[in-house]
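**Q**
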Amino acid sequence: MAAATQRGLTQKQELFAEAYVVTGNASEAYRRAYSTARMKAESVHTNAARLLSNERVAERISELQGAAAEVAVLSAADVLLEIRRLALNDPRRLVHQDGRLKKLHELDADTAACISGIDIEKDGTIKYRFWDKGSALEKAAKHLGLYERDNKQKTDPLASLLERVCSSNGNGFAPVAQDPDHDED
Numbered sequence: 001m002a003a004a005t006q007r008g009l010t011q012k013q014e015l016f017a018e019a020y021v022v023t024g025n026a027s028e029a030y031r032r033a034y035s036t037a038r039m040k041a042e043s044v045h046t047n048a049a050r051l052l053s054n055e056r057v058a059e060r061i062s063e064l065q066g067a068a069a070e071v072a073v074l075s076a077a078d079v080l081l082e083i084r085r086l087a088l089n090d091p092r093r094l095v096h097q098d099g100r101l102k103k104l105h106e107l108d109a110d111t112a113a114c115i116s117g118i119d120i121e122k123d124g125t126i127k128y129r130f131w132d133k134g135s136a137l138e139k140a141a142k143h144l145g146l147y148e149r150d151n152k153q154k155t156d157p158l159a160s161l162l163e164r165v166c167s168s169n170g171n172g173f174a175p176v177a178q179d180p181d182h183d184e185d
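To convert, note that position 31 of the sequence shown is 31 in full-length UniProt numbering; the numbers rise steadily by one, no gaps.
This is the structure:
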């Protein structure tokens with residue numbers, strides 16, 4: 001008889017639950033957890049369905065899915081933190097006080113997050129490539145609404161042209177916003 005896990009499942013049931021969370025397919029999870037080389041597909045499907053209906057296995061699957069969902073959640077705060085890291089990155093944090101370039105394991109988390117790639121030459125020279133700081137700054141500016149304020153300062157070129165035409169020729173036409181006979185306001 002197979003040894004039981006702490007949750008009252010056999011090792012194979014635990015493997016099935018883990019494989020089900022990864023694949024989302026009960027038959028595939030069953031194939032990964034059990035020896036099925038001599039089984040018909042219908043038998044695999046039936047046994048997998050029986051395991052899914054097992055209360056302990058179902059609880060374990062639900063528990064694993066909950067844990068996976070927590071890890072998979074990406075919040076706006078996470079995204080903003082990464083944008084902040086890139087926007088405020090200071091390349092001076094790449095070197096020791098004596099000017100030597102730091103190795104990857106010596107970098108702080110903020111600086112390491114800014115690295116898009118590393119090249120190590122045959123002579124041991126390390127070259128770091130960084131994510132685009134300008135792009136990060138642009139995203140930060142958009143988040144802070146800086147472009148909205150800038151856009152409000154700009155005028156509509158067509159409205160500006162119409163206003164100049166109407167006011168310069170003395171023909172009595174005025175833009176709609178200044179038309180006293182206009183009732184929409």
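Every residue, glycine too, gets a C-beta built ideally from N, C-alpha and C.
1. Taking C-alpha atoms, which residue in A159, Y147, R93 lies nearest to Y128?
2. Is it right to say I61 is buried, meaning 16 or more other beta carbons lie within 10 angstroms of its own, or is it exposed?
3. How is Y20 classed by DSSP in three states: helix, strand or coil?
4. Please tell me whether A33 and A49 are closer than 9 angstroms, where the distance is taken between their beta carbons.
5. Determine the contact status of L51 and Q13, defining contact as a CB-CB distance below 9 angstroms.
6. With 16 as the cutoff for other CB atoms within 10 Å, does A17 come out buried or exposed?
7. In angstroms, rounded to a whole number, what distance separates the CA positions of R85 and G66?
8. Just curious, the beta strand (DSSP E) that Y128 is in, first and last residue?
9. At 4 residues or longer, and completely inside the region 10–65: list those alpha helix (DSSP H) runs for me, N to C.
10. Which residues in the same chain as K102 place their Cβ atom closer than 7 angstroms to its Cβ, once the five residues preceding and following it in sequence are excluded?
11. Between the beta-carbon of L137 and the beta-carbon of D110, is there less than 9 angstroms?
12. Measuring alpha carbon to alpha carbon, tell me which of S75, A37, T125, A58 ends up nearest G8.
13. Indicate whether Y20 and N47 have their beta-carbon atoms separated by less than 9 angstroms.
14. Which residues bound the beta strand (DSSP E) around residue 204?
15. Taking the alpha helix (DSSP H) that S75 belongs to, which residues open and close that run?
**A** Let's see:
1. Closest option to Y128, Cα to Cα, is R93.
2. Buried is the call here.
3. Residue state, collapsed to three classes: helix.
4. Using a Cβ distance threshold of 9 angstroms, A33 and A49 do not count as a contacting pair.
5. Closer than 9 angstroms, so yes.
6. A residue is called buried once 16 or more other Cβ atoms fall within 10 Å of its Cβ, and A17 is buried on that count.
7. Cα-Cα distance, rounded: 29 angstroms.
8. Boundaries of the beta strand (DSSP E) harbouring Y128: 126–130, taken from the DSSP string.
9. Within the region 10–65, the complete alpha helix (DSSP H) runs of at least 4 residues are 11–23, 26–33, 41–53.
10. Once the five neighbours on either side are set aside, the close Cβ partners of K102 are L94, V95, H96.
11. Cβ atoms of L137 and D110: not closer than 9 angstroms.
12. Of the candidates S75, A37, T125, A58, the one whose C-alpha sits nearest the C-alpha of G8 is A58.
13. In this structure, N47 does not lie closer than 9 angstroms to Y20 by Cβ.
14. Because the chain spans 1 through 185 in this model, residue 204 falls outside it and cannot be assessed.
15. S75 -> no alpha helix (DSSP H), and no H or E assigned at all.
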